[in-house]
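Novice:
Chains as they are written, first to last, in the numbering used here: chain U, 1 to 574; chain V, 1001 to 1574.
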């Protein structure tokens, strides 16, 4: 008779572990329990199902060979006993049983286990405001909700939608509503940027501009204070500043790990309610494992614990848990919070810590911001991507990398290589020699990831001095009187001229890059100079040269006009 | 007065180092010397220039901001003295001078240096056969040749072309001729596969099929024995097996490092003629540095020295050399031979060692071959990619990763992440938890790089037993009598039926995946079973199950039909 394995939770980590265990121990009696009747689905695909990119919800719970992953599948193809619509009520760790209840019949049963695994996932954060229980207010937390949302839209019941929360799910849902259904959509975010605590403001601004350019209204720094309800249905959302009409409201305000079952059983959990596990995905009870959204893992940069609610992490963790449950020693070291989101024509992603997060964690952080081509600049179809590299100035360790680009894999390429390097504790110098496969259709000879490290090296070496984009914008928007700085625009004259005409050629001086060595004596001596170009690299080179001729009060606009244009500012010449 | 720096070679490593040095030491007198009049160009872009994707050769030697990198540019924008059409004849290491000769005037000059850098590049291998000096026989080694080739084609002088050499340049030139100019093109490769010593046969076969499907004739295992010349012009190429007509012949038989100048100056060079450098890119004379195609670097998997003739490597090496020349200690550890090539609709790439190379290097090598989706399988536009992971069975170290896919960045993503990991000595287990940024438009929840590691783990753990594709093909093509094996096709019956009809249902048995546990007793007991599906994963699962019920003589077709179909075989049902 084989070992009895009970797994609570049937979405990602649970099914992964169940199947792996059966492959490792064919005689194990594996039972998978889930309170839902739909299991083993790609929750991250819900926005694409709502949008219509994915036509049937079954596709989200099918294998790549088009077999639906239901009870029949797990029983017959995988040899896993599967109890759906069955809720786990409590764990008796002494008796090694789980009390479960059939939601259909109310019958309660004690399932005995030799080893138990908790893959209880996460639940959406409830907003403590009135109106959230109206039937047209949804979280994006399971397939049933997804089906209901899509049905409402498909039936033409939704002219206007409000999405509360500017994280990935909120952004993806806003895209789904706007792009494919023509629903007038507003997105509200309590913080002063979208993707808070994930990317820094320059990158967030690019996503915000992209959303607005694509007809999503975006309101930042506004909390939803009330969902207005009429005749039992939500009809709008009131913030501190305005009221927005809505036929449908999405609450995407984040998630909380589902750790209650574990906590009530006396297992160690965190203040946030996440289950504590070691590197083998083992809880404080050696016979109980846990994986997925319900656990905390180690952040490989900060060293602190965090919740990484991604189906990808759940699968990786689930496999490690399964190996250990089957007696194969296996280690999950932690994660670096790899993240990517697509909306309309823009992808934004990050790995490791943002600059703001790094400062908050006490690092002596710096950042390099650049706007290189994603492949050889002479190759047709090349595009600019934005890369921000975050580093520790003292140790030169790379703490994070984030970026934005078009919706191809040009951003992923750099994020994923960076994730491996950051996980291994790589420095700026290591990043300078990361070996990206080179051919003009795929990358430039100096890859963006290398170039970002070069800039970081120049910043650390005090060879490059930069102005923050926000400061530059403020300066330009301030009244013109008594400005103690000038912009030196080292682009081609034809590019600089409209700017010089707008701001006046005493404030915005055109001096093309290749003429600086010959003509630098023409520059004003008594002013701080802000050097400006398209990508920042010419500016840096000019800064270094000016420094060598004793013009030292200069600042470079990092990433140059490429960055500013994508962030969207109101001072551009038309 | 600043340090005198002389740099010989103006294509990639040389200009990179020259400019970096000027940024680090503004007062340095940097002189860049090149025998050509065209410098600082993207040589890897030549096929795209010939094809017409890049309309003007100037684009290959322009910056991203459209400034041509000529003598004027280097002098004025970079502060680098630039001597073009000037050949370096010899180095007097005692006097610390380089003797150079102006090709225009014949005037010879001794250039004094404090530090010298050699970036002399590589030259194409000359074939020791008659006819190579005809004017319509070209190597793809500099812009002048590229211009001449394109001119011939554009003038309609080329109906047929023969490309000798199935490496990256040969393949790219064949694409350029065929795809954009409609030239009837034949490709000859001496070895029995294209991309020899770079990828293993399954991947090479995919590129060969892709070339043939795109109207390039491909002849393998045939050396060019003579270039036939008539009236002073090449008119054909004779191999051991045939004669091919040609109005244009390209010789792309590989490169040799240009190390003569170094060798004659008594610097240490390898048997192949590459300049020996340490991790600081310093030659055996501490005052002389070298970088780019002319040097040998350390292969981070084999530990041996190799030449990595890529513009990307030259740039990375050039920067490290420049740092050290300017007194900033900087290290270049070596490389992992990252490689990617695109032709028509297929990309093929590799990093580290191929399986065959790993065996040749004495590793106890194994390989996992898989055919996953490059992004969530339910996401529109997803495509299959092929991944081969090469590992050492004893140490579980990953030795290499190679793959094929459509022409997006889905292959690069995995290659580049693998390059970072392999450079750091990662094991199969490390690869299992590489954190790829997950979102359905960019990757599946179980990324191909993780999945490849999972398979490798199952191979190492003796849980998976595979048949090599070549063996499987041979068996199928052999006469039917007395076969001691059967194919168990675990795909949907509708997929299996045409195969069962072709081979007979005693040889090709359809038993769908989800019915195996219920019906395995129907299988013949006395035969070896080859388990077949589309991607290999169902087959593996069935193998594990059959093993548990004491049916142990089974083999899985790795990567399944997805791999076989892309390689092209002659036994498929029509």
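Beta carbons: idealized from backbone N, C-alpha and C, even for Gly.
I'd like the ranges of any beta strand (DSSP E) spanning at least 3 consecutive residues and lying wholly in the region 446-521 of chain U.
Specialist: Fully contained in the region 446-521 of chain U are the following beta strand (DSSP E) runs of length 3 or more, in chain order: 485-489 and 508-510.
Novice: DSSP has residue 349 of chain U in a bridge; who is on the other side?
Specialist: Counting from one through the first chain, the residue named residue 349 of chain U turns up at place 349. According to DSSP, residue 349 of chain U bridges with U:340 and U:403.
Novice: How big is the Cα-Cα spacing for residue 274 of chain U and residue 1205 of chain V?
Specialist: Along the first chain, read from residue 1 onward, the residue named residue 274 of chain U stands at position 274. Along the second chain, read from residue 1 onward, the residue named residue 1205 of chain V stands at position 205. If I take the Cα positions, the gap works out to 50 Å.
Novice: If you follow the beta strand (DSSP E) that residue 25 of chain U is part of, which residue opens it and which one closes it?
Specialist: If you number the first chain from 1, residue 25 of chain U lands on position 25. Neither: residue 25 of chain U is in no beta strand (DSSP E) and is coded neither H nor E.
Novice: Are the beta-carbon atoms of residue 535 of chain U and residue 1064 of chain V separated by less than 9 Å?
Specialist: Within the first chain, the letter at position 535 stands for residue 535 of chain U. Within the second chain, the letter at position 64 stands for residue 1064 of chain V. Yes, the Cβ-Cβ distance between residue 535 of chain U and residue 1064 of chain V is below 9 Å.
Novice: Report the option in V:1102, V:1207 and V:1051 whose CA atom is closest to the CA atom of residue 1147 of chain V.
Specialist: Counted from its first residue, the second chain places residue 1147 of chain V at position 147. Nearest to residue 1147 of chain V by C-alpha distance, out of V:1102, V:1207 and V:1051, is V:1051.
Novice: Between the beta-carbon of residue 1475 of chain V and the beta-carbon of residue 1529 of chain V, is there less than 9 Å?
Specialist: The residue given as residue 1475 of chain V occupies position 475 in the second chain. The residue given as residue 1529 of chain V occupies position 529 in the second chain. The Cβ-Cβ distance between residue 1475 of chain V and residue 1529 of chain V does not fall below 9 Å.
Novice: Return yes when the Cβ of residue 310 of chain U is within less than 9 Å of the Cβ of residue 1062 of chain V, no when it is not.
Specialist: Counted from its first residue, the second chain places residue 1062 of chain V at position 62. Counted from its first residue, the first chain places residue 310 of chain U at position 310. The answer is no: Cβ separation not under 9 Å.
Novice: Using the three-state DSSP reduction, which class does residue 1233 of chain V fall into: helix, strand or coil?
Specialist: Reading the second chain from its first residue, position 233 is the one you call residue 1233 of chain V. Residue state, collapsed to three classes: strand.
Novice: Give a yes or no on whether 9 Å exceeds the smallest Cβ distance from residue 1552 of chain V to chain U.
Specialist: Residue 1552 of chain V sits at position 552 when you count from the first residue of the second chain. Judged by the 9 Å Cβ criterion, residue 1552 of chain V is not in contact with chain U.
Novice: Distance, Cα to Cα, residue 1305 of chain V vs residue 1278 of chain V?
Specialist: Position 305 of the second chain holds residue 1305 of chain V. Position 278 of the second chain holds residue 1278 of chain V. Answer to the nearest angstrom: the Cα atoms are 11 Å apart.
Novice: For residue 89 of chain U, does the count of other Cβ atoms within 10 angstroms reach 16, so buried, or fall short, so exposed?
Specialist: The residue labelled residue 89 of chain U in the question sits at position 89 within the first chain. By the neighbour-count definition (other C-beta atoms within 10 Å, threshold 16), residue 89 of chain U is an exposed residue.
Novice: Could you check how far apart the C-beta atoms of residue 117 of chain U and residue 321 of chain U are, in whole angstroms? I think they sit under 8 Å.
Specialist: Here residue 117 of chain U refers to the residue found at position 117 of the first chain. Here residue 321 of chain U refers to the residue found at position 321 of the first chain. Sure, about 6 Å apart at Cβ, within 8 Å.
Novice: State the beta-bridge partners of residue 1356 of chain V as determined by DSSP.
Specialist: Taking the first residue of the second chain as 1, we reach residue 1356 of chain V at position 356. Beta-bridge pairing links residue 1356 of chain V to no other residue.
Novice: Could you say if the region 1181-1196 of chain V and the region 1215-1223 of chain V meet the contact criterion of at least three C-beta pairs nearer than 8 Å?
Specialist: Pairwise C-beta distances place the region 1181-1196 of chain V in contact with the region 1215-1223 of chain V, as three or more of them are shorter than 8 Å.
Novice: Based on the DSSP secondary-structure assignment, which residues constitute the bridge partners of residue 386 of chain U?
Specialist: As a first step, residue 386 of chain U is located in the first chain; it is residue number 386 there, counting from the start. DSSP, once it has assigned bridges, lists U:404 as partnering residue 386 of chain U.
Novice: What are the boundary residues of the beta strand (DSSP E) that residue 288 of chain U is part of?
Specialist: To locate residue 288 of chain U, count along the first chain from 1; it is residue 288. It spans 288-290 - the beta strand (DSSP E) in which residue 288 of chain U sits, taken as one unbroken run.
Novice: May I ask you to report which of helix, strand or coil DSSP gives residue 1201 of chain V?
Specialist: Walking along the second chain from the start, residue 1201 of chain V turns up at place 201. Helix, per DSSP.
Novice: Taking a contact to mean a Cβ-Cβ separation below 9 Å, would you say residue 1564 of chain V touches residue 1574 of chain V in this structure?
Specialist: Against the second chain, residue 1564 of chain V aligns to sequence position 564. Against the second chain, residue 1574 of chain V aligns to sequence position 574. Contact: no.
Novice: Locate the beta strand (DSSP E) running through residue 1180 of chain V, then write down its first and last residues.
Specialist: Counting from 1 along the second chain, the entry for residue 1180 of chain V is found at position 180. Taken as a continuous stretch (DSSP letters only), residue 1180 of chain V belongs to no beta strand (DSSP E), as it is neither H nor E.
Novice: Taking residue 1165 of chain V as the query, report the chain U residues whose CB atoms sit under 7 Å from its CB, ordered along the chain.
Specialist: Within the second chain, residue 1165 of chain V is the residue found at index 165, counting from 1. Those do not exist, as residue 1165 of chain V stays about 17 Å from chain U at its closest Cβ, beyond 7 Å.
Novice: How far does the alpha helix (DSSP H) with residue 560 of chain U in it extend, from its first residue to its last?
Specialist: For the purposes of this step, residue 560 of chain U is identified with residue 560 of the first chain, where counting begins at 1. Taken as a continuous stretch (DSSP letters only), the alpha helix (DSSP H) holding residue 560 of chain U covers 560-567.
Novice: Give the DSSP-derived three-state secondary structure of residue 312 of chain U in the structure shown.
Specialist: Against the first chain, residue 312 of chain U aligns to sequence position 312. Residue state, collapsed to three classes: helix.
Novice: Along the chain, where does the beta strand (DSSP E) that runs through residue 1150 of chain V open and close?
Specialist: Stepping through the second chain from its first residue, residue 1150 of chain V is reached at position 150. Note, residue 1150 of chain V: premise wrong, no beta strand (DSSP E); alpha helix (DSSP H) at 1143-1154.
Novice: Which class does residue 318 of chain U belong to by DSSP, given the choice of helix, strand or coil?
Specialist: As a working note, residue 318 of chain U is residue 318 in the first chain. Looking at residue 318 of chain U - three-state DSSP - the assignment turns out to be helix.
Novice: Roughly how many angstroms lie between the CA atoms of residue 503 of chain U and residue 561 of chain U, to the nearest whole one?
Specialist: Residue numbering aside, residue 503 of chain U sits at position 503 when the first chain is read from its first letter. Residue numbering aside, residue 561 of chain U sits at position 561 when the first chain is read from its first letter. In a straight line, the C-alpha of residue 503 of chain U is about 16 Å away from that of residue 561 of chain U.
Novice: For residue 128 of chain U, count the other beta carbons within 10 Å of its own beta carbon; 16 or more makes it buried, fewer makes it exposed. Which is it?
Specialist: For the purposes of this step, residue 128 of chain U is identified with residue 128 of the first chain, where counting begins at 1. Its Cβ having fewer than 16 others within 10 Å, residue 128 of chain U is exposed.
Novice: Residue 1242 of chain V: which of V:1251, V:1250, V:1257 and V:1224 sits nearest, CA to CA?
Specialist: Working through the second chain from its first residue, we reach residue 1242 of chain V at position 242. It is V:1224.
Novice: Measuring only between beta-carbons, confirm whether residue 15 of chain U sits less than 9 Å from chain V.
Specialist: To locate residue 15 of chain U, count along the first chain from 1; it is residue 15. Answer no: the Cβ-Cβ gap between residue 15 of chain U and chain V never drops below 9 Å.
Novice: Mind listing the chain V neighbours of residue 44 of chain U? Cutoff is C-beta to C-beta under 9 Å, in chain order.
Specialist: Position 44 of the first chain, counted from the start, is the residue given in the question as residue 44 of chain U. The answer, in chain order, is 1376, 1438, 1439, 1440 and 1445.
Novice: Find out if the Cβ-Cβ distance for the pair residue 340 of chain U, residue 346 of chain U is shorter than 9 Å.
Specialist: Translated into positions along the first chain, residue 340 of chain U becomes position 340. Translated into positions along the first chain, residue 346 of chain U becomes position 346. Cβ atoms of residue 340 of chain U and residue 346 of chain U: not closer than 9 Å.
Novice: In chain order, what residues of the same chain lie with their CB nearer than 6 Å to the CB of residue 263 of chain U, ignoring the 5 residues before and after it?
Specialist: By 1-based counting over the first chain, the position of residue 263 of chain U is 263. Around residue 263 of chain U: 269.
Novice: CB-CB under 7 Å to residue 1150 of chain V, same chain, minus the five flanking residues each way: which ones, in chain order?
Specialist: Looking up residue 1150 of chain V in the second chain gives position 150. Taking C-beta separations shorter than 7 Å and ignoring five residues to either side along the sequence, the partners of residue 1150 of chain V in its chain run 1049 and 1050, following chain order.
Novice: When the cut-off is 9 Å and only beta carbons count, does residue 310 of chain U lie next to chain V?
Specialist: The residue labelled residue 310 of chain U in the question sits at position 310 within the first chain. Yes, contact with chain V.
Novice: Given a threshold of 16 other Cβ atoms within 10 Å of its Cβ, counted over all protein chains shown, does residue 1213 of chain V qualify as buried or as exposed?
Specialist: In the second chain, counting from the first residue as 1, residue 1213 of chain V sits at position 213. Residue 1213 of chain V is exposed by the Cβ-count criterion.
Novice: Which parts of the region 24-70 of chain U are runs of the alpha helix (DSSP H), unbroken and 4 residues or longer, counting only runs that do not cross its ends?
Specialist: 46-51
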